[in-house]
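The listed protein sequences correspond, in order, to chains E and W.
The opening position of the first sequence corresponds to residue 1 in our numbering, with each subsequent residue numbered one higher.
The opening position of the second sequence corresponds to residue 1060 in our numbering, with each subsequent residue numbered one higher.
In what follows, a single structure is set out as structure tokens and then discussed.
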Amino acid sequence: MKHLLFIAVLGVGTFPASAVDYLRDIKPVLKARCYACHGALKQKAGLRVDSAANLRKGAKGEDVLAVGKPGESELLARLTAADADERMPPEGAPLKPAEIAAIREWIAAGAPVPANETAEADPRAHWAFQVPQPVKLPGDAGNVIDVLLEDARSGRGLKAQPIAERTIRLRRLYLDLIGLPPTRAQLADTRPWEVIVDELLKSPHHGERWGRHWMDIWRYTDWYGLGAQLRNSQKHIWHWRDWIVESLNADKGYDRMIQEMLAADELAPTDPNALRATGFLARNYYLFNRTTWLDATIEHTGKAFVGLTLNCAKCHDHKYDPLTHEDYYRFRAIFEPHQVRLDPMPGVTDFEKDGLPRVFDNHLDIKTHLHLRGDPKTPDTNRALEPGVPAVLASFAPPIKPVPLPVYAYAPAARDYVRNDHLAAAKAAVVAAQKELDEARKLAANAPKEKPKPKPKPTAPKPAPPFAVHDDFAKRNDQLWEVIGNGWKFEKGAAQQTTATRDAERLALRQKLPRDFELTCRYTHTGGSIYRSVTFRFDVSADRKYANYVYTSAHSPGPKLHVAYTRGGTSTYPPDGLVAQPIEIGKPYTLRLAVRDRLVNVWLNSKFQIAYQLPDRQTGGRLELSGFDATVAFDDIQIKSLPAAMKLAEAKNAVPEVKPTSSVEISEAKLAAAAAKVASLEAMFAAENARGDTVAFQKATQAAARAEALALKAAGEYELKAFAKDGKKVNAARTKIANGYKKLTEADQGKGSFTPLRAAKKALETPAHNEGQYPTVYPATSTGRRTALAQWITSPKNPLTARVAVNHVWVRHFGEPLVETVDDFGLRAKPPAQQLLLDHLAADFMANGWSFRRLHRLIVTSRTYQRRTTTAGADAKTLAADPNNHSYWRMNTRRMEAQVVRDSLLHLAGVLDPQLGGPSLNPGDAVRRRSLYFKHSRDQQDKLLKMFNDADHLQCYRRTESIVPQQALALSNSKLAIEMAGRIEERERGGEGEAAFVDRVFLLLLGRKPDAEEKGACLATLKELESVAKKAGKGNVAQRARRGLVHALLNHNDFVSVR
Amino acid sequence: MMDLNRRLFLGRAGLGFGSLALGSMLRGGESGVNGLVHFAPKAKSVIWLFMRGGVSHMESFDPKPMLNQLAGKSIGETRFKYVQDRDRLKKVRVVVVNDANGQQRNKLYPLQVGYKKYGQSGIEVSDWFPHIGGCIDDIAVIRSMWTTDDNHGAQVQFHSGRHMLDPRVPTIGAWVNWGLGTLNENLPQFIGMGPRYFDRSDGHYLGPAYDEVRLKIDPRNPLDYAKPEGDLTAEEQRLGFGLVNRLNRLSQGRYPNDARLEARIKSYELAYRMQTSVPGVVNFDAETEATKKLYGFDQNQTRSFGQQLLAARRFVERGVRFIQIMHGAGAAGAWDQHSNLKAKHSELAMQVDRPVAGLLKDLKSRGLLDETLVVFATEFGRTPGSQGANGRDHHPYGFSVWMAGGGIRGGVTHGTTDEIGFHTEEHPHYVTDVHATLLHQLGLEPERMEVPAHKRLEMDFGHVIKDILV
């Protein structure tokens, strides 16, 4: 009512005293709904609405406000337009009536401008977009972290906690730097702190520990898909993991690491060690959708390295950051040309066994278009976008320069080791075939000399005794049939099966059938459900797991006649044994069946239906008549021997059998094929070497084509002999031979060509492709786009990269980051409480070769890092003023990451296998390697690790941390925990008493000695454990009780905690 | 409490497994049953039955006799030609381009089963589901569901509301888990049984605490790590847990106000209790033969699903909030009848029909149906046209689900598809409308279920299907 009243009042043109407060009622609405397009970031139509003054300025000189006259104000007209195309804002619901009323009232009141109102700041002024500056400190000021934080605290009168006790600190240090707790000797180490720090930073386990952190951030995942189909990431992506670990252990600069991950193929095209780094990009491979693939690449390149949420600009300009829709697709253009392939590893020619996943620019001229509204179905094909970095930070972007590549990079088949490996593999096959042949010959020579058997005559088995059975089913004949089931009725001149079962009820002929027979039966499908089949089984074995059969089915839809068979209890319904037939219920049919050995001919109502060859025959089984989901009436049946003279139709599925060959002959053919393969490879390499000399190349090409043809023919001839019994393979072998001849003719006519060696394996761009359609030689230049990107990211002028990295390192030492949104340093990230510190560390990091080792050292040698975690004894004022520890007056407690939990158990038990690197391992209890070597993907994750919040393979800029009973069950009941408790007890066994044992394991597992009460509790439980073990009749009760104590301490909160 | 941050607990009472103790502890000892309930709930628990692979709506709960009339005709030559207008098909987003499945199937395929009217409501149910038909007066059938994935990623979508090409977000079970406290301190509040789709996580950004806890119907080993995998007697274990508890409590003096330590103490207490309570729930010795028979224990085909449903009832009795049971194994799900629809659908229907009806009757006779919401769903329907000789393809444009109990009106149908079962017509519902309805009955407002840094979209929240509420 109030608003209506105002409208009425406005009508007479007086200004009422306004109850509306612009800052309270209007500015927040404009900020939420309008600033994105009409603020500091963007001024669509030249309009800014981020201050009352700006509103009064209007759009490009045109007023949007008619002061005092809301009815004439363009602003209100647009906010309230009925036409959705006219109305503002263009996205989301219109403003609420109360919001509009407030604006109306404010305009009516003269649109008063509040004093000192500030407009939105220029987004380019955002703190994280300024190059970080170091703090200048006097030389003897001490550790810069301590100085800056002490400074921050003393200003607020906050007091820090003291340094923690040494064993607790050592445990913290070991877990942080190498991910393994200290041994007893290491806990007793009295060397200076810095010496231990340096030793740990140089330990190969440091790379494993921090490698796993970066694997989280860079989204490491082993390949996954469906069955054998690769859909995500790449096989052998562990090479990238090893690169990460090795790079950290070598203290490679972070700038160089980024450059290699994004562009090693351009920067170090002949260095396979560096190429491993591009696993960072290869990991994003996605078989089904290139846009999904590139979206992931863009999003996570942005988040991981520069803390920009580029992904928010995929469908429209970023809502908060100065990142435009076009920026997104220009960024995409950087990656557009690249594809993924496996390069051959020395000594391995089988890509299932090994290969190096790497990227390369494949489509140099491919265009990138902006997707309207982010929809790949609506690309803006009017213009192609040039590759580039976000415009707001592009001032220091280097130019893009194409990179010429060496032959090694673009023609992997030209590499010496590749040719040698393929030749060696081919020659090894020759040696193996020769050995096989020698053995076959020896066997043949040693075989007992038999008189050459007269070859069995190819035809005519022994004439079987004549066989004839006839039953018109006038009455039940138990001599002739075994009647199985209760549903049989012998009525109306028929054997009637009146219950529809699945073969349970049947008539089984008591007499044995001859091998070759003829059966004629008149019958009617009388009803049933679903399949409604009548089945004639023969050769039915006693266990019914073997049978051959013919059935007619009144199944709707798809009635049919079908020859089928059961082997080992599994039924096969071969498609080439099926004839569609409109079998109907209630209609009599006469089925005639003639069987000669494996050949079956079937007629229905005297009309020939099908000739089918069974895969084999085991005669001597029974004949059975039954219904399958059907009721049936059998009227008449005749079975007799098949006359030898009777001609049957040949089966289409029959494959003429190849004459059986001796193993010597097979081995000879194999050897010949292997030798031909060697010759073919050698000729092919000779032809490759002749490239460039037209005449020589033509000659060598024909020689190579000829050798290839001979190899093909030889392979076919071998397969024909080796797989003589397999019809499909025999046919394939024959095709090979035919193709071999064809190629041979072409070569002889000088028109031959050879197939170049496919030495690398490109990942399919879409499932519709096959590998054979890709060239074997790749482009000889690369676009240089990714190199330029990497240079921009690692430029000392880039304000983001070092800050983001330092923040990631910081959160992994302190449990809390300096900037809360570790993957978003955009405008929503407020200046951090400790910005001076972050900026100093970032500047220092860049100035010192982007060395992580230096950064770690600076952090862990600070007093800040070494403080107690407890709040006990804390200054009350400090506790009240900074309960969340923003000023780091104490250390934060953290929980071990999943990998550290498992690795610590193994390490303390002395069974951790310290081997570095290598292929990923299947998760499981038996593995003794460190957890980072487990396969880690959507489909494979270790169960124990999962319980402790293992990394999400899709995105894990920070681990989550939950405390749930499953974790308690895992540490209490898992085989691993129980077994390791036993092993720790064994290792810690000593001659001394229980009290000393308690002290020792407490210190080892929790990093401190127990106090009196804790010790008392442990000793009491030890006693009880001994007595229950004794009662249960267990042996070694003292040791068993100690194991129980160790097991309990492994479940102590402070075992999984980093105190 | 100072040690806590948002990442650790997301500031919520709900904490997976046995959240009551933890939740109330974090709220300062207040003992509330409902973590977050926004208004008075109608239902306390949900039994979520999901048929994997895609149940044919036309051969289950949405009869289309028109298909018999037009059998064999191409859609294009009938008056229903319009259903395939490009505009009408465009809401589907394809994941696997050029897949053999998920295509338009043009030749109309007759119904492979008959229908009968059931109950006072006279709602028609296909002959493959006669027992469920017998319960129809307790059921609200929604015949107008639609989704946007034409492949089995739609299973994920039905649970999360998001398409495969979108990021993974928490599923409905995880949200219920997150939103409600448990009614039983000894049991997990979100339980899963049966074959699951490929995405094994429910919690996603809510964290693994909100994942389903998978159980097997095996009283000896119903849950991962439920009993020692080594030589450790029950007495020894009890002493071990006792010592852990004592030592952790002692260290509270050393580390005062350490919320993590508090939470860990509680989690060990819960773990110990759970070890003993879970096996008891999946032990059916105390159930009568009549009850077991009701769930189909007497038949091979129905026993396995029946056991899971009986366990579900026993969990409901003990206050478990969400029991998620999927049916139909295999990568795509067993109900995926691209061929042999009649034979396979009839067989699968037989496996679930009696147990599901048994569950409804059992819940009703025990007075539990009023407070237990049963959902029977699938990821999409199947095409009105035939695929190959005797199958139907995936059909995201229109399909059926049903709900019963927990304040849902029985004996009603809601929404329609067109006469050939192609598109939704009256009251179309996206999958999250089922979520919204379910949350509403549990007393939760979808719009208030959001965690910082994870914006939810309008479509995630869905709309309550008010017409089917009592």
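By construction, the Cβ of each residue, glycine as well, lies at the ideal position given by its N, Cα and C atoms.
Expected contact under 8 Å - CB spacing of residue 1064 of chain E and residue 204 of chain E to nearest Å: With chain E running from 1 to 1059 in the structure shown, residue 1064 of chain E is simply not present.
CA-to-CA distance, residue 1482 of chain W to residue 1526 of chain W, given in whole angstroms: On the second sequence, position 467 is the one that residue 1526 of chain W refers to. On the second sequence, position 423 is the one that residue 1482 of chain W refers to. Using only the alpha carbons, I get a separation of about 20 Å.
Within the 9 Å Cβ cut-off, does residue 1374 of chain W reach chain E? Here the question's residue 1374 of chain W lines up with position 315 in the second sequence. Judged by the 9 Å Cβ criterion, residue 1374 of chain W is not in contact with chain E.
Using a beta-carbon distance below 9 Å, is residue 963 of chain E in contact with chain W? The count along the first sequence starts at 1 and reaches residue 963 of chain E at position 963. Interface residue, yes.
Is the beta carbon of residue 1334 of chain W less than 9 Å from the beta carbon of residue 1286 of chain W? Here residue 1334 of chain W is taken as the residue at index 275 of the second sequence, counted from 1. Here residue 1286 of chain W is taken as the residue at index 227 of the second sequence, counted from 1. In this structure, residue 1286 of chain W lies closer than 9 Å to residue 1334 of chain W by Cβ.
So residue 901 of chain E and residue 1056 of chain E are supposed to be a Cβ contact under 8 Å. How far apart are they, rounded? Here residue 901 of chain E is taken as the residue at index 901 of the first sequence, counted from 1. Here residue 1056 of chain E is taken as the residue at index 1056 of the first sequence, counted from 1. Indeed they touch by this definition, with Cβ atoms about 6 Å apart.
Of all the CB atoms in chain E, is at least one closer than 9 Å to the CB of residue 1287 of chain W? Your numbering for residue 1287 of chain W matches position 228 in the second sequence. At least one chain E Cβ lies under 9 Å of residue 1287 of chain W.
Would you kindly report the start and end of the unbroken beta strand (DSSP E) that includes residue 1033 of chain W? The structure shown does not extend to residue 1033 of chain W, since chain W is modelled only from 1060 to 1529, so the question has no answer here.
Please specify which runs of the alpha helix (DSSP H), each continuous and at least 4 residues long, are wholly inside the stretch 34–82 of chain E, giving them in chain order. 52–57 and 74–80
Using a Cβ-Cβ cut-off of 9 Å, state whether residue 640 of chain E counts as contacting chain W. Position 640 of the first sequence, counted from the first residue, corresponds to residue 640 of chain E. Residue 640 of chain E does not count as touching chain W.
For residue 315 of chain E, count neighbouring C-beta atoms within 10 Å of its own C-beta (all shown protein chains included) and say buried if the count is 16 or more, exposed if not. Looking up residue 315 of chain E in the first sequence gives position 315. Exposed, because fewer than 16 other Cβ atoms sit within 10 Å of the Cβ of residue 315 of chain E.
Own chain, CB closer than 6 Å to residue 263 of chain E, minus 5 neighbours either side, in chain order: Residue numbering aside, residue 263 of chain E sits at position 263 when the first sequence is read from its first letter. Only 786, 787 and 790 meet the Cβ criterion.
Just to make sure I have the definition right: I need the residues of chain W whose C-beta is within less than 8 Å of the C-beta of residue 531 of chain E. Which are they? To locate residue 531 of chain E, count along the first sequence from 1; it is residue 531. In chain order: 1402.
8 Å contact criterion, which residue 523 of chain E and residue 632 of chain E should meet: CB distance rounded: Start at 1 with the first residue of the first sequence, and residue 523 of chain E comes out as number 523. Start at 1 with the first residue of the first sequence, and residue 632 of chain E comes out as number 632. About 6 Å separates the CB atoms of residue 523 of chain E and residue 632 of chain E; that is less than 8 Å, so the two are in contact.
Quick one: measure Cβ to Cβ for residue 1490 of chain W and residue 1462 of chain W, integer angstroms, because I've assumed they're closer than 8 Å. Counting from one through the second sequence, the residue named residue 1490 of chain W turns up at place 431. Counting from one through the second sequence, the residue named residue 1462 of chain W turns up at place 403. Their Cβ separation, rounded to whole angstroms, is 13 Å, which puts residue 1490 of chain W and residue 1462 of chain W out of contact at 8 Å.
Can residue 1115 of chain W and residue 1380 of chain W be called in contact, C-beta distance under 9 Å? Position 56 of the second sequence, counted from the first residue, corresponds to residue 1115 of chain W. Position 321 of the second sequence, counted from the first residue, corresponds to residue 1380 of chain W. Not closer than 9 Å, so no.
For a contact meaning CB atoms closer than 8 Å, what does residue 1028 of chain E contact in chain W? If you number the first sequence from 1, residue 1028 of chain E lands on position 1028. Under the 8 Å cutoff, chain W gives 1292, 1294, 1295 and 1298.
Residue 51 of chain E versus residue 120 of chain E - alpha carbon distance: Within the first sequence, residue 51 of chain E is the residue found at index 51, counting from 1. Within the first sequence, residue 120 of chain E is the residue found at index 120, counting from 1. Going by the C-alpha atoms only, they are around 8 Å apart.
What are the residues of the stretch 1223–1257 of chain W that lie near chain E, defined by any Cβ-Cβ distance shorter than 9 Å? 1224, 1226, 1227, 1247 and 1257
Chain W residues whose Cβ lies nearer than 8 Å to that of residue 978 of chain E: Sequence index remark: in the first sequence, residue 978 of chain E carries index 978 (1-based). Those are 1287, 1288, 1289, 1290 and 1291, listed as they occur along chain W.
Could you tell me which residues DSSP puts in a beta bridge with residue 521 of chain E? To locate residue 521 of chain E, count along the first sequence from 1; it is residue 521. Looking at the DSSP assignment, residue 521 of chain E forms a beta bridge with E:591 and E:637.
Meets three-Cβ-pair contact criterion under 8 Å: the stretch 731–745 of chain E and the stretch 386–394 of chain E: no
Which listed residue (E:559, E:342, E:695 and E:564) has its alpha carbon closest to that of residue 536 of chain E: The count along the first sequence starts at 1 and reaches residue 536 of chain E at position 536. Comparing Cα positions, the closest option is E:564.
Just the C-alpha distance for residue 161 of chain E and residue 1509 of chain W, rounded to the nearest angstrom, thanks. Residue numbering aside, residue 161 of chain E sits at position 161 when the first sequence is read from its first letter. Residue numbering aside, residue 1509 of chain W sits at position 450 when the second sequence is read from its first letter. The straight-line gap from Cα to Cα measures roughly 37 Å.
Alpha-carbon spacing of residue 43 of chain E relative to residue 37 of chain E, whole angstroms: Taking the first sequence and counting its residues from 1, one reaches residue 43 of chain E at position 43. Taking the first sequence and counting its residues from 1, one reaches residue 37 of chain E at position 37. Cα-Cα distance, rounded: 6 Å.
Whole angstroms are fine: how far does the CA of residue 168 of chain E sit from the CA of residue 868 of chain E? Locating residue 868 of chain E in the first sequence gives position 868, where the first residue counts as 1. Locating residue 168 of chain E in the first sequence gives position 168, where the first residue counts as 1. Their Cα atoms are separated by approximately 9 Å.
Please go through the same chain and pick out, in chain order, the residues whose beta-carbon is closer than 7 Å to the beta-carbon of residue 714 of chain E, but skip the five residues on each side of it. To locate residue 714 of chain E, count along the first sequence from 1; it is residue 714. These residues qualify, in order along the chain: 672, 673 and 676.
Could you tell me the distance, in whole angstroms, from the CA atom of residue 138 of chain E to the CA atom of residue 1317 of chain W? In the first sequence, residue 138 of chain E corresponds to position 138, counting from 1. In the second sequence, residue 1317 of chain W corresponds to position 258, counting from 1. Distance between the alpha carbons of residue 138 of chain E and residue 1317 of chain W: 38 Å.
Neighbour list for residue 1261 of chain W in chain E, Cβ cutoff strictly below 8 Å: Against the second sequence, residue 1261 of chain W aligns to sequence position 202. Within chain E, no residue comes near residue 1261 of chain W; the closest Cβ sits about 13 Å away, beyond 8 Å.
Residue 488 of chain E - partner residues in DSSP beta bridges: Numbered from its first residue, the first sequence carries residue 488 of chain E at position 488. Beta-bridge pairing links residue 488 of chain E to E:497.
Spatial distance of residue 1167 of chain W from residue 273 of chain E (CA atoms): Start at 1 with the first residue of the second sequence, and residue 1167 of chain W comes out as number 108. Start at 1 with the first residue of the first sequence, and residue 273 of chain E comes out as number 273. Straight-line spacing of the CA atoms in residue 1167 of chain W and residue 273 of chain E works out to 59 Å.
Given this structure, state the Cα-to-Cα distance separating residue 653 of chain E from residue 644 of chain E, to the nearest angstrom. Position 653 of the first sequence, counting from 1, holds the residue named residue 653 of chain E. Position 644 of the first sequence, counting from 1, holds the residue named residue 644 of chain E. The C-alpha of residue 644 of chain E is placed about 22 Å away from the C-alpha of residue 653 of chain E.
Roughly how far, in whole angstroms, is the beta-carbon of residue 1394 of chain W from the beta-carbon of residue 1110 of chain W, given that I think they are within contact range, below 8 Å? By 1-based counting over the second sequence, the position of residue 1394 of chain W is 335. By 1-based counting over the second sequence, the position of residue 1110 of chain W is 51. Sure, about 5 Å apart at Cβ, within 8 Å.
So what does DSSP say about residue 1380 of chain W, is it helix, strand or coil? Sequence index remark: in the second sequence, residue 1380 of chain W carries index 321 (1-based). If DSSP states are grouped into helix, strand and coil, residue 1380 of chain W belongs with coil.
At a Cβ threshold of 9 Å, is residue 577 of chain E touching chain W? In the first sequence, the residue the question calls residue 577 of chain E occupies position 577. Cβ-Cβ to chain W under 9 Å: no for residue 577 of chain E.
Where residue 804 of chain E sits in the DSSP three-state scheme: Locating residue 804 of chain E in the first sequence gives position 804, where the first residue counts as 1. Correct three-state label for residue 804 of chain E: helix.
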